[in-house]
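Residue numbers (the numbering used here): 189 to 338.
This report concerns only the one structure given below.
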C-alpha cells in the first residue's frame, strides 16, 4: 500500500533530476531557464504540501519537534537560493554559483530527510496515518504545482 514516504520520494526524484539537468545547462540558455522554472515549481509545491501534511503532524509530537524544525529551516534556505538564482538572469558568473549552491542544498536536504526525518516520523505515525497522508499530500502537491506555476 502506498504511504507518505513513497509519495515524497517521487517528488524527491523529480527534484534530483531537475537539479542535475540545471547544473549541466548553459547559463543564459533558454533551456536552463525552463529547467529552473520547472525546478522552482516542484520545490515550492513539494515544500508546501510536505509542510502541511507531514511536518505539521510531526511538529505536534515532542519526539519530532527538533527534526521537523530543522527540515523547515532547510526549506527556507532552499527558498532563499531560488530567490537569489532568479535575480541572476543575464549574469552567467553569478548564475553558475547559485545553481551549484541550490543543487547542493536540495541534495543535502533530501538525503537528510530520507535518512533521518523519515525514520523519526515513521515512529510517530501509524500505518493508517501514513496512507492517509499520502493521499492528502499527492492531492495538494498537484494543486500547488498549478498554484505556483504562473
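Beta carbons: idealized from backbone N, C-alpha and C, even for Gly.
Once DSSP output is grouped into helix, strand and coil, what is the label at residue 251?
helix
Report the three-state DSSP secondary structure of residue 277 (helix, strand or coil).
In the structure shown, residue 277 falls within a coil segment according to DSSP collapsed to helix, strand and coil.
7 Å Cβ shell around residue 223 - same chain, five flanking residues per side excluded:
Correct list, in chain order: 206, 209, 210 and 213.
Should residue 250 go down as buried or exposed, given a rule of 16 or more other Cβ atoms within 10 Å for buried?
exposed
Can you check whether the CB of residue 293 is closer than 8 Å to the CB of residue 269?
The Cβ atoms of residue 269 and residue 293 lie closer than 8 Å to each other.
Does the stretch 322-334 come within contact of the stretch 219-237, defined as at least 3 CB pairs closer than 8 Å?
The answer is yes - the stretch 219-237 touches the stretch 322-334, with three or more Cβ pairs under 8 Å.
List the whole-angstrom C-beta distance separating residue 322 from residue 195, where the pair is believed to meet the contact cut-off of C-beta under 8 Å.
The pair is a contact, with the Cβ atoms about 4 Å apart (cut-off 8 Å).
Using a Cβ-Cβ cut-off of 6 Å (strictly less than) and excluding sequence neighbours within five positions of residue 263, which residues of its own chain qualify?
These residues qualify, in order along the chain: 235.
Please go through the same chain and pick out, in chain order, the residues whose beta-carbon is closer than 6 Å to the beta-carbon of residue 190, but skip the five residues on each side of it.
Here the set comprises 322.
Option in 197, 228 and 278 with minimal Cα separation from residue 335:
228
Whose C-alpha, out of 310, 221, 313 and 199, is nearest the C-alpha of residue 237?
In terms of Cα proximity to residue 237, the closest of 310, 221, 313 and 199 is 199.
Suppose you measure from the CA of residue 279 to the CA of residue 326; what does that come to, to the nearest Å?
Put simply, the backbone Cα of residue 279 is about 36 Å away from that of residue 326.
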